[in-house]
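Novice: One structure, pasted below without further comment.
Residue numbers (UniProt numbering): 1 to 573.
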């Protein structure tokens, strides 16, 4: 076993069932190496990580993800003893472990997980509702698990009326999605109960019923005053439900150009033919949707019946890799433009690009830029060898996608670049070592993405720090980045607190305030505007000022509970 190459071990392990995979870690050191990454990953000392460290860190992240997936799988299947063994041997878990146990109806597994510290969130209740497991849902709620409107919606979708009734009797909120999801699942009895108990609905109820072909549900909804719009006919057409479409039109449901377009998208020629025979309008989107799916018969019929088309038909066909469709369109006079080549390049369809160019299709710098964005070096090399122009966006797109090989090839062949060509970390280091400029925004973008090692390396190599770094770290929830930035002298202002409040990140806000970050009345307003009552309450309890904007923004966001609390506690406005 020790003598097998890691690649061969990987192939062997890919065929092992999930419940046995954890045990494979203990077969030998080679298997352990494949299944469990080394721990010598880059630290937080600001030094650039070596390639070995980067690979080790990536392997560790992949291993953690695989192990979390295993614990979720064990929970979903109700394999309690296997889950217990996995945990005893260091396998991590997260909120999804509880959620998957709940969906499978495995109460004993859920109880053990919670007793042993597994986190959970509202999706435990949602997943229990999806599976129709009332006993699990009741236990979760009795033990403090959160829930939201999706519990009712998914109970309705699954036709679990008993679960829905219990949830509502115990204070679970609902909204229009409950009726819409009942209609989507074709559960008329559930929809009727929801409506008789005051559940709101909107056009999605009819739309979802039509989408799934549930004519009786649609008929009842309409008879009881449910609104509908053009989406009802469009969804019926996309699903190929001609009878539903015919009934909807006979009962004055509106339709528009998307009915024909969606019929073409779904390859439903009979539906398209009936719609046109009965006066449904169409436009260029019908041909474009047919081309996107490679539905040549639909496209041929549409054109034979005078459906208009434009450059988007060829561009979309090229992007989807449908060469036969593109060839037919061109042979029959469809116009094309530079986006045909660009789309083919972005998706890596070299054969399509070659054919388009050999038949006179124009291109521009975007072709190279999009090939680089997708990491398609072969496409980029061919384009350049055949005279396609490029500009700095080729390097920028290669860098943004982390395609170092593409970036290196482009630069070695004379492609220009600028200060935006820098991420992620490996690309940044290579770009800087080869003379690429940067500015004050480089570190800010690193903070936005939570790339601490990028920020550390950039700073160690002279990249400036600005207030925007703290603000962006707070907005994106990267506390570790914010802490490092402040420890290394990065300035901040009230925008940091505002962003933490706006995203509902109380831990971030608390840390910022504990470390002297200023705030203003807008901090409360941002919390209120996004419905983060707990954040608003903490801010006020800790002396944050407010003004009439708090009430205005709460009202504008329809956050009634927040507005009521604010007014009850003396907020002006």
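The beta carbon of each residue, even a glycine, is placed where N, CA and C say it ideally should be.
Thinking C-alpha only, which one of 129, 356, 372, 205 is nearest residue 172?
Specialist: Residue 172 sits at position 172 when you count from the first residue of the chain shown. Comparing Cα positions, the closest option is 129.
Novice: Residue ranges of each alpha helix (DSSP H) run of no fewer than 4 residues wholly in the stretch 134 to 211, ordered along the chain?
Specialist: 134 to 142, 149 to 157, 161 to 169, 176 to 185, 188 to 196, all fully within the stretch 134 to 211.
Novice: Among the residues of its own chain, which have a CB less than 6 Å from the CB of residue 498, if the five just before and after it don't count?
Specialist: As a working note, residue 498 is residue 498 in the chain shown. The residues are 522, 523, 526.
Novice: Quick one, which of 210, 398, 220 has its alpha-carbon nearest residue 190's?
Specialist: Against the chain shown, residue 190 aligns to sequence position 190. Among 210, 398, 220, the Cα nearest to that of residue 190 belongs to 220.
Novice: Taking residue 214 as the reference, give the member of 224, 195, 185, 194 with the closest Cα.
Specialist: As a working mapping, residue 214 is identified with position 214 in the chain shown. Of the candidates 224, 195, 185, 194, the one whose C-alpha sits nearest the C-alpha of residue 214 is 185.
Novice: Any beta carbon from chain D within less than 7 Å of residue 290's own beta carbon?
Specialist: Looking at the structure shown, chain D is missing, and only one protein chain is on hand.
Novice: Which residues in the same chain as residue 405 place their Cβ atom closer than 7 Å to its Cβ, once the five residues preceding and following it in sequence are excluded?
Specialist: Your numbering for residue 405 matches position 405 in the chain shown. Around residue 405: 377.
Novice: DSSP three-state call for residue 47: helix, strand or coil?
Specialist: Along the chain shown, one-based indexing puts residue 47 at 47. Bear in mind that a pLDDT of 42 at residue 47, under 50, signals an unreliable position, so the model cannot answer this.
Novice: Whose C-beta lies closer than 7 Å to the C-beta of residue 564 among residues of the same chain, with five residues either side of it excluded?
Specialist: As a working mapping, residue 564 is identified with position 564 in the chain shown. If we look at residue 564 and ignore the five residues flanking it on each side, it has no Cβ neighbours.
Novice: So, is residue 385 buried or exposed, given that buried needs 16 or more other C-beta atoms within 10 angstroms?
Specialist: In the chain shown, the residue the question calls residue 385 occupies position 385. Per the 10 Å Cβ criterion, exposed.
Novice: Going by other Cβ atoms of all chains shown within 10 Å of its Cβ, with 16 needed for buried, is residue 560 buried or exposed?
Specialist: What you label residue 560 is simply residue 560 of the chain shown in a count that begins at 1. So residue 560 ends up on the exposed side.
Novice: Just checking my contact of residue 566 with residue 550 at CB under 8 Å: how many whole Å lie between their CB atoms?
Specialist: As a position in the chain shown, residue 566 is number 566, starting the count at 1. As a position in the chain shown, residue 550 is number 550, starting the count at 1. So it is a contact: roughly 5 Å between Cβ atoms.
Novice: Counting only runs that start and end within the stretch 374 to 418, where is the alpha helix (DSSP H) found for 4 or more residues in a row?
Specialist: Complete alpha helix (DSSP H) runs here, min 4: 377 to 385, 392 to 400, 404 to 412.
Novice: Using the Cβ count rule (16 or more neighbours within 10 Å means buried), how would you classify residue 204?
Specialist: Taking the first residue of the chain shown as position 1, residue 204 is located at position 204. Under this definition residue 204 is a buried residue.
Novice: Does the separation of the CB atoms of residue 334 and residue 367 fall below 7 Å?
Specialist: Counting from 1 along the chain shown, the entry for residue 334 is found at position 334. Counting from 1 along the chain shown, the entry for residue 367 is found at position 367. Taking 7 Å as the Cβ cut-off, residue 334 and residue 367 do not qualify as a contacting pair.
Novice: What number of angstroms, rounded off, separates the C-alpha of residue 151 from the C-alpha of residue 182?
Specialist: For the purposes of this step, residue 151 is taken as the residue at position 151 of the chain shown. For the purposes of this step, residue 182 is taken as the residue at position 182 of the chain shown. Whole-angstrom Cα-Cα distance: 12 Å.
Novice: Kindly indicate which residue of 398, 519, 329, 238 has the alpha-carbon position closest to the one of residue 310.
Specialist: Here residue 310 refers to the residue found at position 310 of the chain shown. Checked all of 398, 519, 329, 238; the closest Cα to residue 310 is 329.
Novice: Could you check which residue in 571, 278, 544, 370 has the C-alpha nearest to that of residue 346?
Specialist: Within the chain shown, residue 346 is the residue found at index 346, counting from 1. Considering only alpha carbons, the answer is 370.
Novice: Quick check on DSSP: helix, strand or coil for residue 469?
Specialist: Here residue 469 is taken as the residue at index 469 of the chain shown, counted from 1. Helix.
Novice: Between 300, 304, 305, which has its C-alpha nearest residue 327's C-alpha?
Specialist: Translated into the one-based positions of the chain shown, residue 327 becomes position 327. If we check each option's Cα against that of residue 327, 300 comes out closest.
Novice: For residue 118, which three-state DSSP category applies?
Specialist: As a first step, residue 118 is located in the chain shown; it is residue number 118 there, counting from the start. Looking at residue 118 - three-state DSSP - the assignment turns out to be coil, as it is neither helix nor strand.
Novice: Does the distance from the CB of residue 264 to the CB of residue 290 come in under 7 Å?
Specialist: Taking the chain shown and counting its residues from 1, the one referred to as residue 264 is at position 264. Taking the chain shown and counting its residues from 1, the one referred to as residue 290 is at position 290. Contact: yes.
Novice: Can you tell which of 91, 480, 78, 174 has the C-alpha that lies nearest to the C-alpha of residue 103?
Specialist: Locating residue 103 in the chain shown gives position 103, counting from the first residue. The shortest C-alpha separation from residue 103 is found at 78.
Novice: Given that a residue counts as buried once 16 or more other Cβ atoms are within 10 Å of its Cβ, and exposed if not, what is residue 162?
Specialist: As a working mapping, residue 162 is identified with position 162 in the chain shown. So residue 162 counts as exposed.
Novice: Whole-angstrom Cβ separation of residue 341 and residue 355, contact assumed at under 8 Å?
Specialist: Within the chain shown, numbered from 1, the residue matching residue 341 stands at position 341. Within the chain shown, numbered from 1, the residue matching residue 355 stands at position 355. Wrong, their Cβ atoms sit about 10 Å apart, outside the cutoff.
Novice: Taking the straight line between their C-alpha atoms, what separation do you get for residue 512 and residue 501?
Specialist: Position 512 of the chain shown, counted from the start, is the residue given in the question as residue 512. Position 501 of the chain shown, counted from the start, is the residue given in the question as residue 501. C-alpha separation (whole angstroms): 11 Å.
Novice: Out of 271, 72, 403, 562, point me to the one whose CA is closest to residue 233's CA.
Specialist: For the purposes of this step, residue 233 is taken as residue 233 along the chain shown, with counting starting at 1. When each option's Cα is compared against that of residue 233, the closest is 271.
Novice: So, do the stretch 114 to 127 and the stretch 142 to 149 have three or more beta carbon pairs nearer to each other than 8 Å?
Specialist: With the cut-off at 8 Å, the stretch 114 to 127 and the stretch 142 to 149 touch.
Novice: At which residue ranges does the stretch 301 to 331 contain complete alpha helix (DSSP H) runs of 4 or more residues, listed in the order of the chain?
Specialist: With a minimum length of 4 residues, the continuous alpha helix (DSSP H) runs that stay inside the stretch 301 to 331 are 311 to 320, 323 to 331.
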